[in-house]
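Okay, so the sequence shown: first residue is 40 according to our numbering, each after it adds one.
A virtual CB, placed ideally from N, CA and C, is assigned to each residue, including glycine.
Model, not experiment: these values are computed from the prediction.
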Amino acid sequence: MATQNKTRSMVNEFDVMHDEAEIAQLNSLFEHQKEVDKIAEEMNKPGAVVCRDCDEPISKARRKAVPWAQRCIDCQDVEDRRH
Ligand SMILES: [Zn+2]
């Protein structure tokens with residue numbers, strides 16, 4: 040039954056490879072989540088994020104929706120129209 044054994048070991052090998060790919064994917068997701076958390080933490084510091092154009096605090100809702108936002112909605116609107 041040598042053929043059967045070979046097939047079985049190939050299946051195991053495939054499972055291992057599949058698991059490794061899955062772990063790598065999970066790890067990269069985890070790394071990404073850590074970065075997102077870091078940004079969220081920065082954003083939650085009171086008074087840490089103000090509009091770079093008018094120095095008005097950027098609303099929490101906007102910071103949550105667009106964590107990388109550098110401007111308040113009004114100034115971003117003006118900036119978007121300029122381009
Ligand atoms: Zn502004």
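For Cys93, collect the residues of the same chain with a Cβ closer than 6 Å to its Cβ; drop the 5 residues on either side in sequence, then sort them by chain order. Cys114
With a CB to CB cut of under 7 Å and the five nearest residues on each side skipped, what residues in its chain are close to Arg110? Cys90, Arg91, Asp92, Glu118
Beta-bridge partners of Val89, as assigned by DSSP: Pro96
Identify, in the order they occur along the chain, each residue of the same chain with its Cβ nearer than 6 Å to the Cβ of Gly86, setting aside the five sequence neighbours on each side. Residue placement at Gly86 is poorly supported in this model, since its pLDDT is 42, which falls under 50; the coordinates still yield a value, given next. Hits under 6 Å: none found.
Member of Ala104, His122, Ala60 whose CA lies at the smallest distance from the CA of Val75: Ala104
Euclidean distance between Cα positions of Arg101 and Ser67: 27 Å
Local conformation of His122 per DSSP, three classes: coil
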